[in-house]
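To convert a position in the sequence shown, counted from 1, into the numbering used here, add 50.
Beta carbons: idealized from backbone N, C-alpha and C, even for Gly.
In this text the structure is predicted, and so the values were computed from the model without any measurement.
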Amino acid sequence: MRTSKKPSSSSLADDCITAMSEGLCSAFYNYFLARLWGDGDSAYLSEADASVDSEWESYSSVIMRMRTNYILTPERRLDSMSRSSWDFLINSKFHRKYCKTNAISGISTRKLPDPQESDSLESYLDGAQALEKSFYSELLMETLDALHAVYESLKLDNLRKQDLGLLVVLLCNIADFLGEESYLDHYIRDFPGLSKKFGMQTSFSGKTPPSLFRWLEHCLQHGADSVDSNDLPPLICKDESSVLSWARKIISFYSLLCGAKQSGKNLSSGVRCNIATGSSCNCEQLTVLAMVGERFALQQLDLLPCGVSLPLRHVLDKCRESPPTDWPAAAYVLLGRGDLALSCLSHSSNYKKIPTPKQCEFSFHVHTILLMDLQADGMEHVFNSTTQLRYGRDLRLNEVRRLLCSARSVAIQTSVNPTTSDQDLQQAQLWQLAQRTTALPLGRGAFTLATTSTLLTEVNLDPNIRNIPELKSWPEFHNAVAAGLKLAPLQGKMSRTWIVYNKPEEPNAIHAGLLLALGLHGHLGVLTITDIYQYYSQSLYVHIPAHHPSSFPELELPTLLQERFFPLTVSTDDHNRVAGQSESDLVVSRLSIPCTRFNLQYVRPDFIMLRVIAQNLIMWSRVHPSKDWIQSQIPEIVQNGINGLGDEMGDVDEMDAEAFVQAYVNIVVGSCISIGLRFAGTKNEDARDLLYDYAVYFLNEVSLAVGFLFLGGGMRTFSTSNSSIAVLLISLYPRLPTGPNDNRCHLQAFRHLYVLATEARWIQTVDVDTGLPVYAPLEVTVKETEHYAETSFCEVTPCILPERALLKTVRVCGPRYWPQVIELVPEENPWWITGDRNDPFNSGVLYIKRKVGACSYVDDPVGCQSLLSQAMHKVFGLTSLRACTPSTNDCGGAGAVTIDQLVYLSLYTMLGFVEDQVTSGASTLTDSLSLSLV
Numbered sequence: 051m052r053t054s055k056k057p058s059s060s061s062l063a064d065d066c067i068t069a070m071s072e073g074l075c076s077a078f079y080n081y082f083l084a085r086l087w088g089d090g091d092s093a094y095l096s097e098a099d100a101s102v103d104s105e106w107e108s109y110s111s112v113i114m115r116m117r118t119n120y121i122l123t124p125e126r127r128l129d130s131m132s133r134s135s136w137d138f139l140i141n142s143k144f145h146r147k148y149c150k151t152n153a154i155s156g157i158s159t160r161k162l163p164d165p166q167e168s169d170s171l172e173s174y175l176d177g178a179q180a181l182e183k184s185f186y187s188e189l190l191m192e193t194l195d196a197l198h199a200v201y202e203s204l205k206l207d208n209l210r211k212q213d214l215g216l217l218v219v220l221l222c223n224i225a226d227f228l229g230e231e232s233y234l235d236h237y238i239r240d241f242p243g244l245s246k247k248f249g250m251q252t253s254f255s256g257k258t259p260p261s262l263f264r265w266l267e268h269c270l271q272h273g274a275d276s277v278d279s280n281d282l283p284p285l286i287c288k289d290e291s292s293v294l295s296w297a298r299k300i301i302s303f304y305s306l307l308c309g310a311k312q313s314g315k316n317l318s319s320g321v322r323c324n325i326a327t328g329s330s331c332n333c334e335q336l337t338v339l340a341m342v343g344e345r346f347a348l349q350q351l352d353l354l355p356c357g358v359s360l361p362l363r364h365v366l367d368k369c370r371e372s373p374p375t376d377w378p379a380a381a382y383v384l385l386g387r388g389d390l391a392l393s394c395l396s397h398s399s400n401y402k403k404i405p406t407p408k409q410c411e412f413s414f415h416v417h418t419i420l421l422m423d424l425q426a427d428g429m430e431h432v433f434n435s436t437t438q439l440r441y442g443r444d445l446r447l448n449e450v451r452r453l454l455c456s457a458r459s460v461a462i463q464t465s466v467n468p469t470t471s472d473q474d475l476q477q478a479q480l481w482q483l484a485q486r487t488t489a490l491p492l493g494r495g496a497f498t499l500a501t502t503s504t505l506l507t508e509v510n511l512d513p514n515i516r517n518i519p520e521l522k523s524w525p526e527f528h529n530a531v532a533a534g535l536k537l538a539p540l541q542g543k544m545s546r547t548w549i550v551y552n553k554p555e556e557p558n559a560i561h562a563g564l565l566l567a568l569g570l571h572g573h574l575g576v577l578t579i580t581d582i583y584q585y586y587s588q589s590l591y592v593h594i595p596a597h598h599p600s601s602f603p604e605l606e607l608p609t610l611l612q613e614r615f616f617p618l619t620v621s622t623d624d625h626n627r628v629a630g631q632s633e634s635d636l637v638v639s640r641l642s643i644p645c646t647r648f649n650l651q652y653v654r655p656d657f658i659m660l661r662v663i664a665q666n667l668i669m670w671s672r673v674h675p676s677k678d679w680i681q682s683q684i685p686e687i688v689q690n691g692i693n694g695l696g697d698e699m700g701d702v703d704e705m706d707a708e709a710f711v712q713a714y715v716n717i718v719v720g721s722c723i724s725i726g727l728r729f730a731g732t733k734n735e736d737a738r739d740l741l742y743d744y745a746v747y748f749l750n751e752v753s754l755a756v757g758f759l760f761l762g763g764g765m766r767t768f769s770t771s772n773s774s775i776a777v778l779l780i781s782l783y784p785r786l787p788t789g790p791n792d793n794r795c796h797l798q799a800f801r802h803l804y805v806l807a808t809e810a811r812w813i814q815t816v817d818v819d820t821g822l823p824v825y826a827p828l829e830v831t832v833k834e835t836e837h838y839a840e841t842s843f844c845e846v847t848p849c850i851l852p853e854r855a856l857l858k859t860v861r862v863c864g865p866r867y868w869p870q871v872i873e874l875v876p877e878e879n880p881w882w883i884t885g886d887r888n889d890p891f892n893s894g895v896l897y898i899k900r901k902v903g904a905c906s907y908v909d910d911p912v913g914c915q916s917l918l919s920q921a922m923h924k925v926f927g928l929t930s931l932r933a934c935t936p937s938t939n940d941c942g943g944a945g946a947v948t949i950d951q952l953v954y955l956s957l958y959t960m961l962g963f964v965e966d967q968v969t970s971g972a973s974t975l976t977d978s979l980s981l982s983l984v
């Protein structure tokens, strides 16, 4: 076997021995091992406490003794033969017997003659000297080539300079002895100090030594297929070579960079290379994949000499901006794109979990003003770093919290000596406040929807928020639903044990509300059929009374609950018949709005609203967000009646006037509801402005509307699918209860079905280095529709993205963060659920990487604190940024900055970026964002 007895603790000696084992022929290497382990001077190598220096000195002495054996005189050789254990072995009976069947190249098998026979001794020594001279000459030349390959490889490692200095001395001695002036000149050029011992070479003989630096230079100048292969050590092209793997990697990287052809793992330059999987469209990208395939990281790149590492660093810089999307995570790490690496890992099946953004209250260098104390009202968790980033010093979120809070006592003003009429007035006022308070959980559930992320073992919901005892049944139900809706959809399934364990002994409204919330989030799928039977057995018996046995006892269920199961018996044929008449004028004609005064007084006004909504649900494509469209919904008789209300000469009596007003209001409200259903979640600005105008016109505060406006703390929106429109209509059924226990026309539990229509299209950008949410500009592209062409617009994160059916690309743009493009195929599918590994947005978290020298938009909103701006400050002698005093306009003083200078600095900072955007044809963006921070 071609191994030594014990690995050397000297890395240089170990590399040289390994190179000789791979570069020397078997006979030469076996002879070297015999010299290394057979001589008494090398016996210390088997000792455990052998030092590194002593090992290298011993190795060098073995090589030098091989040279000495080459120049021994016959007399000294004869003396050495009598003392050498090797010669004792050569002249032994065992060796003579072995040589009859095995021939060893270069080893004399003749018996050593008697020293007294001078003639025969002289002739023997002459023949043996010629034979052994050839043996040692070839041995030393192959040793020189093997060790020279190690020398060239060590020149590519900055941390092996000391080893390089030890090895070059040994190589110079070997080259000088063999008369290889070219090798000797090569070493002296690298280490000029050796010229004092070996002198300057003026004439060169022998072959030219291989040079990796010369090969790399010619490769960059002329290409990988035009370089001289003799500049590569032969050992580097061997597949099994391990000692030169470092140099082989560098050669393979340069080969691919300069256009070498591939044939499997073999390159046309003569070396092998492992290439990671992934697409590549140029040599630079292929080189990056090769660096990944060879497990070459940034730490290894720092070990290379500057001149060698510079082209490879340029490769990384060139690929850093827009690498392919199918690369492995290690490639993105090599490029310094930790954001893309985390995004890649989040979709990997063997990756457990991406850490969520740090929910820490970091400073915006402004004072956060809260309108109320942070007391326990079920909404305090909404105020975190994400909402702080989105709203800044905007107090709307605090106002919503105040409006939806039902945990505080409501004070009413009373007179000192109330009369009977005053008491009646106070009772009426108290009743109105009670109704308003008991309705707040509906809006609070929408406001806090899916805003709490927690583990199953940490779920501890407290729905017992203050309520009025006399009216606590349905309010407690709504409170419990609101408390349960706070839970964000868990990435894992909720435990059945947790649900069953929290089941009360006696059914109550609170537990019913929690069950509804868990069902809306999709957590009840873990229940077994027996669990469902225990929950709903009574309801099933009520639903199928014909199956009751004669002795079946009467169930104590409210009549209202029994009535609610009746609509479930509607046949599917009726449902299909209604659903198949979409966009049908015939069906719309049967839902016509009254056009005569008699019909206006005959039909209930709220039924008119329902007819308007039903008409627009059928003629869905004709709903348009404009005042003209709303006016087109109003019959001419109603419009004329409204216009004639201010005419004193008109013939409209009081009864007709009331009918006209109620019909007008219900028609307009029905049209507004239709527009809301049609454009919910689409970010249509025309619909938003139109509905805002009518909301101000019909100012009537409803808690559920406030919750919808800030759905999920402003982080969720509605889907535009047909099923979502259906559940929205059920939730917003325009027949509001007259009191907390009113369920005559609409079951109050249906008000919470809007949860099934929500989508988490929220996205926030997180700095991959700090783990904090940050502002970042996005360029969003939506596909072409029948109303508009393909359109791109800019958003600032955190924001809500368009629906999946329209979204094509999302690109991180701007000069401060590295670009990142997410390409999508628009499809009519719902948004990805939380925890879906196919979600390209990682459940709403997009990791981004800030460029070196740039500050975040929070720390530097206008872009005057980057490294370039600081350099400009020094150029202009600007030592401080001092603001002017508005009252005195005092902008003087040393180091003061004028407005013109600030504008110039900002423009200068943006100059390079704008130039790139203009030349590439992309839309230009400024280096500042309009933030609500001041």
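Taking 8 Å as the cut-off, the beta carbon of V338 is found closer than this to the beta carbon of L366. Distances from the alpha-carbon of S330 to those of G314, G215 and P373 put P373 closest.
The three-state reading of DSSP puts Y838 in coil, since its state is none of H, G, I, E or B. Bridge partners of E267 according to DSSP: none are assigned.
Judged by beta-carbon spacing, D910 lies within the 8 Å limit of S916, meaning their Cβ atoms are closer than that value. In the three-state scheme derived from DSSP, where H, G and I count as helix and E and B as strand, T501 is classed as coil.
E829 is bridged by DSSP to C844 and R861. Inter-segment contact for the stretch 807 to 820 and the stretch 380 to 392 is present: three or more beta-carbon pairs are separated by less than 8 Å. By the Cβ criterion, the stretch 266 to 280 is in contact with the stretch 300 to 316, since at least three pairs of Cβ atoms, one from each stretch, lie closer than 8 Å. A residue is called buried once 16 or more other Cβ atoms fall within 10 Å of its Cβ, and M250, having fewer, is exposed. Within 10 angstroms of the beta-carbon of E555 lie fewer than 16 other beta-carbons, which makes it exposed. The closest CA to that of D64, considering only D275, L217, M114 and S671, is found on L217. The three-state secondary structure of P823, taken from DSSP, is strand. Going by DSSP, V688 is part of the alpha helix (DSSP H) stretching over E686 to N693.
Residues of the same chain with a CB within less than 6 Å of the CB of P787, apart from the 5 flanking positions on each side, do not exist. In the pairwise beta carbon analysis, the stretch 689 to 696 is classified as not touching the stretch 651 to 667: fewer than three pairs are separated by under 8 Å.
Within the stretch 631 to 674, the complete alpha helix (DSSP H) segments at least 4 residues long are 635 to 639, 647 to 652 and 655 to 668, listed from N- to C-terminus. In this structure, W296 places its C-beta atom within 8 Å of the C-beta atom of D207.
When only Cα atoms are considered, F527 and Y783 end up about 19 Å apart.
When C-alpha distances from A826 are compared across S108, E840, C849 and Q683, the shortest belongs to C849. By the C-beta density criterion, C308 is buried, having at least 16 other C-beta atoms within 10 angstroms.
If you check the CB distance, E231 and L194 do not come in under 8 Å.
Around the CB of E873, fewer than 16 other CB atoms lie within 10 Å, so the residue is classed as exposed.
For R85 and E105, the gap between their C-alpha atoms comes out near 14 Å. Put simply, of I717, A709 and F758 the residue whose alpha carbon is nearest the alpha carbon of G731 is F758. The beta carbon of G493 sits closer than 6 Å to the beta carbons of L454, S753, L754, V756 and G757 from its chain, once the five residues preceding and following it are set aside; these are given in chain order.
Going by C-alpha positions, S61 is about 12 Å away from L209. Between R370 and S359, the alpha-carbon positions lie close to 16 Å from each other.
Rounded to the nearest whole angstrom, the CA to CA distance from C333 to R322 is 17 Å.
By the neighbour-count criterion, in which 16 or more other beta carbons inside 10 Å mark a residue as buried, T770 falls on the buried side.
Listed as beta-bridge partners of V895 by DSSP are Q814.
Under a 10 Å Cβ-count criterion, G821 is classified as exposed, with fewer than 16 other Cβ atoms of the shown protein chains found around its own Cβ.
Around the CB of C645, fewer than 16 other CB atoms lie within 10 Å, so the residue is classed as exposed. Annotation for G273: C308 and G309 place their beta carbon closer than 7 Å to its own, counting only its chain and skipping 5 residues before and after. Secondary structure note for V777: its alpha helix (DSSP H) is the uninterrupted segment N772 to S781.
Excluding its 5 nearest sequence neighbours in each direction, G73 has C-beta neighbours in its own chain below 6 Å: A196 and L285, listed in chain order.
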